[in-house]
Structures are given as C-alpha cells and as structure tokens.
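See structure below.
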Amino acid sequence: MIDSAALTATDTLVAKFAPTGWLANAHFQSIVPSLSLRRPFVAGRAREMLAVADTQIVDCGEGVRLLGHYSSQAAAGRPPSRDLAILLHGWEGSSDSVYVLSLGSHLFNQGCDIFRLNFRDHGPSHHLNEDIFHSCRLDEVVGAVRSIQRSMPDKRITIAGFSLGGNFALRVAAKAPQAGIELERAAAVCPVLRPHSTMEVLESGWFIYQQYFINKWKRSLRRKQQCFPKRYDFSQILAQRSIRSMTELLVRNFGEFSDLDAYLNGYAITGDALAHLEVPSHILISLDDPIIPAHDLENLARSPNLHVTSIPNGGHCGFMDTFNGASWADRQIANIMFRETAVVERRNAA
Numbered sequence: 001m002i003d004s005a006a007l008t009a010t011d012t013l014v015a016k017f018a019p020t021g022w023l024a025n026a027h028f029q030s031i032v033p034s035l036s037l038r039r040p041f042v043a044g045r046a047r048e049m050l051a052v053a054d055t056q057i058v059d060c061g062e063g064v065r066l067l068g069h070y071s072s073q074a075a076a077g078r079p080p081s082r083d084l085a086i087l088l089h090g091w092e093g094s095s096d097s098v099y100v101l102s103l104g105s106h107l108f109n110q111g112c113d114i115f116r117l118n119f120r121d122h123g124p125s126h127h128l129n130e131d132i133f134h135s136c137r138l139d140e141v142v143g144a145v146r147s148i149q150r151s152m153p154d155k156r157i158t159i160a161g162f163s164l165g166g167n168f169a170l171r172v173a174a175k176a177p178q179a180g181i182e183l184e185r186a187a188a189v190c191p192v193l194r195p196h197s198t199m200e201v202l203e204s205g206w207f208i209y210q211q212y213f214i215n216k217w218k219r220s221l222r223r224k225q226q227c228f229p230k231r232y233d234f235s236q237i238l239a240q241r242s243i244r245s246m247t248e249l250l251v252r253n254f255g256e257f258s259d260l261d262a263y264l265n266g267y268a269i270t271g272d273a274l275a276h277l278e279v280p281s282h283i284l285i286s287l288d289d290p291i292i293p294a295h296d297l298e299n300l301a302r303s304p305n306l307h308v309t310s311i312p313n314g315g316h317c318g319f320m321d322t323f324n325g326a327s328w329a330d331r332q333i334a335n336i337m338f339r340e341t342a343v344v345e346r347r348n349a350a
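Mapped onto the UniProt record's numbering, the consecutive letters of the sequence shown carry residue numbers 1 to 350.
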C-alpha cells in the first residue's frame, strides 16, 4: 500500500518487492538479514568502501564526541562525488551493522560518499563521553551532522537511518533549518514512531526480540561501567528482566526526565513532531513489522515534505529478496537519492 502522503514515483520498485515462501515471513525478514551468516556476503560488497574508510572523531559541540567512518570516492581513486550519505544505525547496532554496510556499499558503489556515524555508547565508543546514551540526545547528532557538513561544505547530504536511526534521521531533518544544516533529503527505514507502542509490542510479542535487545543493552551497560567505574554502578539495572523495568530505572537514576512517559514521549515522531518538515523526507515501512506497529502511521503529521511508502511484507528493517545482494530498501533509497538529484541537476541546467 502507498499511503496518501506517499511519493508515487516509487511505485515501480514497490511492485517489484513480492517475497514468497519464507521470505514473506515477518520474523524471517526481521532476523535473517542481520545474521552473522550474511555478513561475509555484505562485507564482500562493502570491501572497497571499508578499505578506504577514514575513522574520525566528530566534534558535536559542548564537549560531545561521536565516532564515525568516512569513505570517499576520491580515496578509492574514483572521480570525487558531490553526494554524501550519512547513515545512522539502530539501537544497540553500530556503524558496522549488516544493514548499514549493505546500504552504504550499495550507495558507495553507485558513486556516493558515505559517512557511517555511531551514536554515543555504540560501537567501540563508550569511552568518548562520560554521560550515558539515551534516545533524546538529538542535539549531539544534529551537532555531528553540522560538523560533517562544515568540513565538506560542497556536499549534497542525505541522512538515512534504520529503526531508532531512522527516528533520529527524521528528527534531525525536522531541526535542520534552525540548526543551520542544509540537507537534500532524509530517509528512514522502519523508524521508531511512538516509543510507547514499540515497548508494548516488545513486551507482548515474540519473546526473542525483547531478549535480543536486553542482552545487547546489558552488554553495552557493562562496557560503560568499565569505562567509568567511579561514575556508574548498573547492578540494579542489570538484574532486571524487561526493557520497561530497565528503562524506568535508567530514567529514575541517570536521566533528566520526570518519569518514563516523559522520556518516551521525548523522542516520538508522531503528533506534531514532523508537522513543519522543510526537508524532503521518506519513510519506508512494512505493515507486518513486529517491532514498529504500522497503525502508528495514522498519527504522523501530514506534511507535503513527508512521503510514506508502506508495503505488506518486509519485517523490521528486512526487505531482503536476495541473500547476498542489496535489499529492496537499499535500492529504494538509492532510487530516491539519484532520481531527485537528477531532477535538480536538470532544473539547474535549464
């Protein structure tokens, strides 16, 4: 289905994604594309991008530093590119997550520069900042994008993210004009829409999803505690068995929020959060996503700059129709980027 705010020019690619058999299963799509079994195939496609990646510490302002990796066409011996894609991973993912490498390599191999940014306390970056990560730390991601743009002022920048990274990408796009950032567009694959809803489905759905995130989050908290042993004692949080109880304790003991509701509402993109978007923004989402309830799409603000493409199958950040090739979402984002760029270039040449 293409909803009323959708970019109808993408219909051709939407029609091509028609998975059958196991590929049509939401859990298969949500789990298999990120498995380590697939990593060698994706890493093979990403070989050149990874070979020229320059590891950078980005100054985000106010003493915050984020870790990123920049791969340029010029470093690979190719003609310099005017296009730069800043890619954001999901919660407890990293710049090396399979889906980030898959999209990054697909765009890089079509001539786009790539900057893979890690959120605070993601990837090997726990030591860079003493304060702990939470999903309302938007200003530092805005600061990172602004810093990247200032270092490459001639680039046409697309920001794209997956899951929580998609949520951040859309919030950065909403804040870009007032932050002095010029973005060409934003793209979000299965973004977190209403955090309350995601927490509820993690609690009530297939237990494997909640346990997956709990295990990864606890591992991250242990790393943070090791980096700052005098500041943090997460023993009470680490003893919890649900994301809700862990988050409640984190908010109560280490956050600046009055309660859990205030925190979750703080990074929701439903309601009026995207009402004043000036940056062309695209959401790609599946109706069978077991982590992001599709009914929350109804609560997005209707903006002429927000385009939503929703399709029946794809799971959570899956959209895999080939084991070793680019996903449907990868191809869709490339189509959006390069089609719009071609239109702008033709308009400027006229």
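Beta carbons: idealized from backbone N, C-alpha and C, even for Gly. Everything numeric in this text was worked out from a predicted model, so none of it was measured.
C-alpha gap between residue i and residue j, whole angstroms
i       : j       : result
Leu-193 : Ser-235 : 30 Å
Leu-249 : Ile-237 : 6 Å
Ala-46  : His-106 : 8 Å
Val-100 : Gln-225 : 27 Å
Val-14  : Trp-91  : The pLDDT assigned to Val-14 is 47, lower than 50, so where the model puts this residue is not dependable, and the model offers no usable value.
Gly-205 : Arg-339 : 38 Å
Gly-314 : Phe-17  : 9 Å
Tyr-232 : Asn-265 : 25 Å
Arg-116 : Phe-207 : 30 Å
Ala-294 : Phe-162 : 15 Å
Ile-333 : Ile-292 : 20 Å
Arg-223 : Asn-215 : 13 Å
Met-199 : Trp-217 : 14 Å
Phe-168 : Leu-138 : 7 Å
Leu-67  : Gly-77  : 25 Å
Pro-229 : Leu-221 : 11 Å
Gly-61  : Gly-21  : 49 Å
Ile-31  : Asn-25  : 10 Å
Met-152 : Glu-182 : 12 Å
Gln-73  : Leu-202 : 40 Å
Phe-213 : Asn-335 : 32 Å
Lys-155 : Ile-132 : 32 Å
In DSSP terms, what residue i is bridged to
i       : result
Asp-54  : Tyr-70
His-282 : Ala-187 and His-307
Ala-85  : Ile-114 and Thr-158
Asp-59  : Arg-65
Gly-271 : Leu-300
Neighbourhood of residue i by C-beta distance below 6 Å, restricted to the same chain and skipping five residues each side
i       : result
Met-337 : Thr-158
Phe-41  : Asn-324
Pro-312 : Leu-287
Thr-55  : His-69
C-beta atoms of residue i and residue j nearer than 8 Å
i           : j       : result
Val-52      : Ala-75  : yes
residue 374 : Gln-110 : The first residue shown for the chain is 1 and the last is 350, placing residue 374 beyond what the model contains.
Val-189     : Cys-317 : yes
Ser-95      : His-69  : yes
Leu-84      : Asp-113 : yes
Val-251     : Ala-144 : no
Pro-195     : Tyr-267 : yes
Thr-270     : Asp-296 : yes
Met-49      : Ser-81  : no
Asp-321     : Leu-35  : no
Ser-245     : Gln-210 : no
Ala-273     : Ala-174 : yes
Arg-171     : Ser-281 : no
Ser-135     : Leu-164 : yes
Gly-166     : His-122 : no
Pro-33      : Ser-327 : yes
Ala-179     : Arg-146 : yes
Contacting residues, own chain, Cβ-Cβ under 7 Å from residue i (five flanking each side not counted)
i       : result
Asn-129 : Val-64, Arg-65 and Arg-120
Pro-177 : Glu-278
Arg-219 : none
Ile-148 : Val-58, Ile-86 and Phe-115
Gln-240 : Met-246 and Leu-249
Cβ neighbours of residue i in the same chain (closer than 8 Å, five flanking residues each side left out)
i           : result
Gly-104     : Ala-46, Met-49, Ser-71, Ala-85, Leu-87, Ile-114 and Arg-116
residue 355 : Outside the displayed span of the chain (1 to 350) sits residue 355, for which this structure offers no information.
Asn-299     : Leu-193, Arg-194, Thr-270 and Gly-271
Arg-38      : Val-32, Val-98, Phe-323 and Asn-324
Exercise. Can at least three beta-carbon pairs, one atom from the stretch 303-310 and one from the stretch 268-288, be found at a separation below 8 Å?
Worked result: yes
Exercise. Touching or not, the stretch 254-266 and the stretch 282-290, by the rule of three or more beta carbon pairs under 8 Å?
Worked result: no
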